[in-house]
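**Q**
In the numbering used here, the protein residues as written are 437 to 575.
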């Protein structure tokens, strides 16, 4: 099975530079989490993730696709209650686009934000596990 890789925009006389898609997903996940107003990223919690809960999975809630238009990133996240949704979504788009370009020299065609839910102030992190469980049951 051939692993997909992304090539940077710069030519390099020393050889090729290839970036695995998982790296781009991690960069996008970390960048999105750093934006004020983002409560958490959406993701399916597997048994392995629950066992290794001490290590965050930065690529959860981030899906990368490539087609004839270019490289697209879909980000699924929970927002904090009371934030200006369009402003936070645009801040995520800007931050993700800038970080991917800054770190890899790859330009994204699209950064799509999907707001899974608005989380009230007094919601515990355990309640997010319950939200993921409900999504699994619906599928």
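The C-beta atom is built at its ideal place from N, Cα and C for all residues, glycine as well.
(1) Compute the beta-carbon to beta-carbon distance between residue 542 and residue 536, rounded to the nearest angstrom, for a pair I have assumed lies under 8 Å.
(2) Which class does residue 517 belong to by DSSP, given the choice of helix, strand or coil?
(3) If you follow the alpha helix (DSSP H) that residue 500 is part of, which residue opens it and which one closes it?
(4) Is it a yes or a no for the stretch 521 to 541 touching the stretch 462 to 475, going by three-plus beta-carbon pairs under 8 Å?
(5) So, is residue 497 buried or exposed, given that buried needs 16 or more other C-beta atoms within 10 angstroms?
(6) Looking only at its own chain, which residues have a Cβ that is under 7 Å from the Cβ of residue 554, when we skip the five neighbours before and after it?
(7) Assign residue 465 to buried or exposed, taking buried as 16 or more other Cβ atoms, counted over all protein chains shown, within 10 Å of its Cβ.
(8) So, at 6 Å on beta carbons, what are the nonlocal neighbours of residue 551 in its own chain, with the 5 sequence-adjacent residues on each side left out?
(9) For residue 544, which of 525, 462, 505 has the nearest alpha-carbon?
(10) Give the single residue among 461, 449, 513 whose Cα lies nearest to the Cα of residue 539.
**A** To lay it out plainly:
(1) For a cut-off of 8 Å, the C-beta gap from residue 542 to residue 536 is around 6 Å, short enough to register as a contact.
(2) Looking at residue 517 - three-state DSSP - the assignment turns out to be coil, as it is neither helix nor strand.
(3) Residue 500 -> not in any alpha helix (DSSP H); beta strand (DSSP E) instead, spanning 498 to 503.
(4) Touching, per the Cβ criterion.
(5) Buried.
(6) Hits under 7 Å: 515, 517.
(7) When all chains shown are included, residue 465 counts as buried.
(8) Within the same chain, residue 551 has close Cβ partners 515.
(9) Residue 505 is the option with its Cα nearest to residue 544.
(10) The shortest Cα separation from residue 539 among 461, 449, 513 belongs to 461.
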